[in-house]
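**Q**
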């Protein structure tokens, strides 16, 4: 079973583009997924969304920003093995090396 990855813009998965690229496991050559290739319009929407979000982030007090980033760090650590498995499948690294990513 392969997974199709869409773009994530403005809290929504966006998959209106019709071009995709296969993702291969380099160790096996097996297709493990597909990723959407963005059109210029989709890239523009992502840039616009990021610019619009920046104002709110810039106005967020530093202590709140730090809390958000520490929560993100907590989630990364909590999902470390899951993320490492993805890196192994997509880049062919050994598991212990992938954990260091």
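Numbering (the numbering used here), first residue to last: 202 to 302.
For glycine and all other residues, C-beta sits at the position ideal for the given N, C-alpha and C.
#1: Expressed to the nearest angstrom, what Euclidean distance is found between the alpha-carbon atoms of residue 299 and residue 219?
#2: Go to residue 232, then tell me how far its alpha helix (DSSP H) extends in each direction, as first and last residue.
#3: For the candidate residues 236, 254, 230, whose alpha-carbon lies nearest to that of residue 217?
#4: Inspect the beta-carbon positions of residue 238 and residue 224 and report whether they are closer than 9 Å.
#5: Should residue 284 and residue 302 be called a contact, given that it needs their Cβ atoms to be closer than 9 Å?
#6: Between which two residues does the beta strand (DSSP E) containing residue 223 stretch?
#7: Just reading off the alpha helix (DSSP H) that residue 266 is part of, what are its end residues?
**A** The structure says:
#1: 31 Å
#2: First-last for residue 232: 232–237, but that is the beta strand (DSSP E), not the alpha helix (DSSP H).
#3: 236
#4: no
#5: yes
#6: 221–225
#7: 263–279
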